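Number of protein chains: 2
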Amino acid sequence: MGYPLSIYPRAPRDHRRLVLDLIHESRDGTTRAEIARSLELSRSAVSGLVDDLLHTGLVRELDKRQTRAGRRPIGLEINASAGQIVGVDVGATHIRAILADIAGRPLAELSTSFDVRVGPEKTLAEVRRLVERVMRDGESSLGRVRSIGVGVPGPVISEQGMVLAAPIMPGWTEYPIRHTLEATWERPVVVHNDANLGALGEWTYGAGRRCPNLVFVKVGTGIGMGMILGGRLHEGQVGAAGEIGHLTLVENGPLCSCGNRGCLEALAGGGAIARQARELVRQGQRTHLSTLASIDRLSARDVAEAAAQGDHLAQQLFAQAGEYIGIALAGVMNMLNPGVVVIGGGVAQSGDLLLEPIRAQIRKRSLQAGVLTSQVTSASLGLRSSALGAVAAALSLCFDHVIAHSAAGLTASATEGR
Amino acid sequence: MGYPLSIYPRAPRDHRRLVLDLIHESRDGTTRAEIARSLELSRSAVSGLVDDLLHTGLVRELDKRQTRAGRRPIGLEINASAGQIVGVDVGATHIRAILADIAGRPLAELSTSFDVRVGPEKTLAEVRRLVERVMRDGESSLGRVRSIGVGVPGPVISEQGMVLAAPIMPGWTEYPIRHTLEATWERPVVVHNDANLGALGEWTYGAGRRCPNLVFVKVGTGIGMGMILGGRLHEGQVGAAGEIGHLTLVENGPLCSCGNRGCLEALAGGGAIARQARELVRQGQRTHLSTLASIDRLSARDVAEAAAQGDHLAQQLFAQAGEYIGIALAGVMNMLNPGVVVIGGGVAQSGDLLLEPIRAQIRKRSLQAGVLTSQVTSASLGLRSSALGAVAAALSLCFDHVIAHSAAGLTASATEGR
DNA sequence: CAGTAATTGTTATGTAACTGGACAAATCAG
DNA sequence: CTGATTTGTCCAGTTACATAACAATTACTG
């Protein structure tokens with residue numbers, strides 16, 4: 000339990016873990032002296048900590064490194080060959096898996112269409128298949144993978160690794176996701192909400208990196224939100240935070256999958272855009288979309304492509320969706336005053352088409368003070384925000400394990416074998 | 000900067016401060032063994048820490064304490080005579096000051112009507128006068144007061160102790176509030192947003208005590224919100240979080256002081272209720288309010304009194320305000336999934352009249368998962384939430400100082416004198 | 001009522017994790 | 001080549017803990 004006014008002048012911490020984080024953060028390596036400065040520790044202390052990390056095999060020394068003056072420092076970096084990580088993003092209509100080395104660099108990536116409503120058993124079987132395949136593609140194997148992160152499109156109690164009660168995930172309630180996967184893979188597994196992982200992914204590798212107050216909005220089939228507040232992921236009391244998709248924006252608006260009417264998701268989600276497009280085509284509106292083979296299977300992606308090719312009606316659909324999202328986000332800005340708002344997910348791939356109306360509504364409806372210090376950008380990781388967030392979460396879990404076990408005298412012998 | 004996935008199995012901490020907090024938390028005293036259990040430290044370690052605290056004079060031993068079996072433990076409590084604290088709540092239309100002993104128990108209280116729009120100099124002069132008076136009322140003096148907390152009705156960068164840019168506080172922008180007050184009182188001062196302090200007050204002493212995800216809504220002349228998320232006060236990137244009063248709820252609704260139309264504050268704030276009542280009276284609606292002397296000065300308090308006496312029109316005004324607040328809070332529930340929502344401020348003193356419509360709208364518009372695990376209550380500290388939050392903040396500051404200086408070998412000699 | 005188990009607080013003793021100072025190694029600027 | 005600068009290491013001392021043993025005190029049990 001934290002204390003609401005954290006004025007601890009210099010909080011004491013688990014230094015080994017922090018040193019590992021710093022080495023991981025610095026893409027092109029760091030040095031003992033640099034670490035000592037940023038953690039405000041003595042160089043001698045850092046030397047000892049780094050020695051321990053070198054013994055785990057997770058960290059290695061670089062040959063050389065240029066500098067200004069003085070003795071040539073010894074570079075430090077994560078030993079990429081010390082193991083691998085898998086991140087999985089289970090969306091409502093797709094699954095994506097990324098294999099990365101333990102330094103966080105992607106090695107292979109796969110995605111497939113899928114419907115999460117078939118229930119947990121079939122979905123997790125598909126997840127296992129995809130993870131097998133992505134490991135093969137990356138010329139790896141389970142033996143070299145140290146931990147696995149999984150994102151699912153519903154409220155997750157990450158501590159327990161299960162879904163509480165998701166509207167779009169019937170049958171998942173209290174299914175022990177993490178437990179099941181840990182049993183099959185015999186590796187530490189971390190399960191999170193997909194939007195939360197998107198926030199973590201963009202915070203770690205993407206737009207607004209390391210910004211202590213970051214909001215990530217995943218605009219896909221549905222609309223979800225993940226938040227990093229005060230430098231920490233905010234999951235809410237029971238993991239149900241970020242359910243922005245079911246804000247009521249229009250009284251007696253279109254019916255939503257949650258049973259209510261006029262929800263943001265029913266107005267601006269990918270499903271809503273596709274539905275609106277189908278209706279307009281059926282009404283005989285002039286649009287390129289009419290030329291598509293099967294109007295019944297028209298998807299948000301089709302609308303996006305038409306919009307990119309200049310179709311006016313398709314563009315209007317996106318603009319309207321952006322307006323609704325902007326109205327909701329104006330509220331978010333006023334309430335949370337984030338430093339960065341990142342728009343991701345499938346629908347957001349259309350870029351400014353969606354972003355500009357969002358920005359306009361925020362400017363119009365939010366208080367100046369908050370807006371001036373915030374920026375609204377699209378996800379710099381594209382569709383991979385959540386999957387890379389899963390990598391980041393799994394990486395963090397792996398680091399935790401290494402630190403915990405290195406204290407017991409064990410070195411990283413588990414995954415040495417090639 | 001925190002790390003978003005805090006899976007540190009047991010975070011290392013400043014133990015002396017935590018022991019002090021635990022002693023402060025336990026109203027009827029605690030013991031060394033209890034502290035050892037809750038901090039997961041050895042009894043011998045706690046003994047040492049407690050010894051240091053006893054030397055500061057801030058903690059004292061109690062004579063006796065009954066127990067189940069075993070040796071009779073020695074009680075520990077905050078030494079209430081070691082000093083005093085003042086908390087000040089500057090609202091838009093009032094100032095309230097509370098003198099408390101260092102254990103957090105109120106000793107004296109005062110409030111006065113005031114208009115914050117007269118600017119910082121005059122307001123701070125009034126604050127100084129009120130603090131003088133409340134100290135006299137409590138038979139105290141500045142010499143015995145260790146620190147002072149002040150809440151102001153605008154976005155505050157608490158680290159700098161100044162207001163960024165408040166709509167209702169012209170002339171306050173970047174005025175060095177904390178600096179000025181520290182210079183006059185020669186005591187540590189902490190400045191926060193008033194709604195944030197309300198959240199802190201209810202978290203510390205009131206409803207939903209110690210709930211790690213608490214939302215406090217201050218419904219007074221305006222409407223503000225304070226949040227404790229993940230056990231810590233969320234202030235946002237530049238202290239502008241919680242500005243819930245200017246969410247747009249009704250397109251082209253009534254004009255708000257912020258320049259937009261249809262803001263929550265313009266629909267459900269105390270000012271809005273009074274305005275609506277005046278309009279209805281002028282229209283000749285049947286209501287007890289018409290009997291009041293001056294209709295031009297009719298206030299929300301008058302409407303509340305009429306409602307309490309059964310006036311139907313007045314009750315309807317409150318019900319409608321509650322509905323609007325409930326709509327906004329339904330969004331808050333979905334987004335933040337708090338454990339407790341506390342409704343405070345002047346207008347909220349009407350209790351269920353306002354609360355029931357709020358609860359109804361939340362039930363109607365929020366997702367089940369979040370609502371079932373949350374409770375919506377009125378502020379158990381009444382109008383004193385913010386002022387007592389200021390006491391809590393000042394207390395925390397005082398504790399920090401004592402801990403920091405006790406390390407340097409100084410004992411608490413500064414305020415020993417009676 | 002004696003005996004036993006339970007509980008608290010204190011006392012040594014040992015260990016991990018740091019600081020601070022001294023120092024050698026390595027580099028650059030003149 | 002010399003001096004200033006920077007890095008990493010080594011060593012002595014300090015702090016903050018744990019662990020274990022112990023004395024003091026209490027409730028319960030037969």
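Chains A and B supply the protein sequences, listed in that same order.
In this text, residue positions in the first sequence follow numbering that gives the first Met the number 0: the first is 0, and each later residue adds one.
In this text, residue positions in the second sequence follow numbering that gives the first Met the number 0: the first is 0, and each later residue adds one.
Even for Gly, the Cβ is constructed at its ideal location relative to N, Cα and C.
Quick caveat: nothing in here was measured; it's all calculated off a predicted structure.
Next item on the list: Give a yes or no on whether 7 Å exceeds the smallest Cβ distance from P72(A) to chain B.
Entry: no
Notebook entry, point to check: Residues of chain A with CB under 9 Å from T29(B), in chain order?
Noted result: Per Cβ cutoff of 9 Å: no residues; T29(B) is ~16 Å from chain A at best.
Notebook entry, point to check: H233(B) CB to nearest chain A CB: under 7 Å?
Noted result: yes
Checklist line | Cβ neighbours of C397(A) in the same chain (closer than 6 Å, five flanking residues each side left out) | finding: R145, S146
Notebook entry, point to check: Apart from the five residues just before and just after E158(B), which ones in its own chain have a Cβ nearer than 8 Å to its Cβ?
Noted result: none
Next item on the list: Could you tell me whether the segment 180-197 of chain A touches the segment 301-321 of chain B, using the rule of 3 or more Cβ pairs below 8 Å?
Entry: no
Next item on the list: Evaluate R231(A) with the Cβ neighbour count: other Cβ atoms within 10 Å of its Cβ, from every protein chain shown; 16 or more gives buried, anything less gives exposed.
Entry: buried
Check: Does at least one heavy atom of the ligand GTP sit under 6 Å from the Cβ of R300(B)?
Finding: For the ligand GTP, the structure offers nothing, since it holds no ligand at all.
Note to self: Is there a Cβ of chain B sitting closer than 7 Å to that of L21(A), yes or no?
What the structure shows: no
Next item on the list: Taking only runs that begin and end inside the segment 161-242 of chain B, name each unbroken alpha helix (DSSP H) of 4 or more residues, in chain order.
Entry: 176-184, 193-204
Next item on the list: Check the DSSP bridge columns for Q308(B) and list the partner residues they point to.
Entry: According to DSSP, Q308(B) bridges with nothing at all.
Check: Listing by chain order, which chain A residues have their CB less than 8 Å from the CB of S373(B)?
Finding: Q236
Margin query: Using DSSP's beta-bridge definition, name the partner residues of R260(B).
Written below: L254(B)
Note to self: Counting only Cβ pairs nearer than 8 Å, list the residues of chain B close to C257(A).
What the structure shows: L366
Item checked: Residue closest to Q314(B), alpha-carbon to alpha-carbon, out of T183(B), P356(B), R104(B), L335(B) -> P356(B)
Checklist line | Reference H311(B); option with closest CA among Q284(B), A391(B), G69(B), E250(B) | finding: Q284(B)
Check: Nearest CA to the CA of A102(A): which residue from G28(A), R177(A), F215(A)?
Finding: G28(A)
Item checked: Partners in chain B for V331(A), counting only beta-carbon separations shorter than 8 Å -> M334
Next item on the list: Give the residues of chain A in contact with P337(B), contact being defined as C-beta atoms less than 8 Å apart.
Entry: G235, Q236
Notebook entry, point to check: With distances taken between CB atoms, is the gap from C210(B) to V339(B) smaller than 7 Å?
Noted result: yes
Notebook entry, point to check: What do you reckon, are the CB atoms on A327(A) and I243(A) nearer than 7 Å?
Noted result: yes
Margin query: Is the beta carbon of G86(B) closer than 7 Å to that of V401(B)?
Written below: no
Notebook entry, point to check: Do you know offhand how far L70(A)'s Cα is from A206(B)'s?
Noted result: The question names Leu, but residue 70(A) in the sequence shown is Arg. Their Cα atoms are separated by approximately 60 Å.
Next item on the list: Please name the residue in R208(A), A99(A), R42(A), V346(A) whose C-alpha comes closest to that of P72(A).
Entry: R42(A)
Next item on the list: Might you give, ordered along the chain, the residues of its own chain that have their beta carbon closer than 7 Å to the beta carbon of D114(A), omitting 5 neighbours on each side?
Entry: T92
Notebook entry, point to check: With a CB to CB cut of under 6 Å and the five nearest residues on each side skipped, what residues in its chain are close to P105(B)?
Noted result: I97, A99
Notebook entry, point to check: Of the residues G252(A), A320(A), S379(A), which one's Cα is nearest the Cα of H360(A)?
Noted result: A small correction: the amino acid at residue 360(A) is Gln; His does not occupy that position in the sequence shown. It is A320(A).
Next item on the list: Would you identify the three-state DSSP class for T122(A), choosing helix, strand or coil?
Entry: helix
Note to self: I want to see whether chain B comes within less than 7 Å of T247(A), judged by CB atoms only; does it?
What the structure shows: yes
Margin query: Mapping the DSSP letters down to three states, classify G283(A) as helix, strand or coil.
Written below: coil
Check: If you follow the alpha helix (DSSP H) that R358(A) is part of, which residue opens it and which one closes it?
Finding: 351-364
Next item on the list: Quickly, what does DSSP pair V107(A) with across the bridge? List them, please.
Entry: The question names Val, yet the displayed sequence has Ala at residue 107(A). Looking at the DSSP assignment, A107(A) forms a beta bridge with L98(A).
Checklist line | Beta-carbon separation (whole angstroms), V331(A) vs M334(B), contact threshold 8 Å | finding: 7 Å
Notebook entry, point to check: Do V45(A) and I22(A) have their C-beta atoms within less than 7 Å of each other?
Noted result: no
Notebook entry, point to check: Taking the C-alpha atoms as reference points, what is the distance between V155(B) and A239(B)?
Noted result: 7 Å
Next item on the list: Give the DSSP-derived three-state secondary structure of Q374(A) in the structure shown.
Entry: strand
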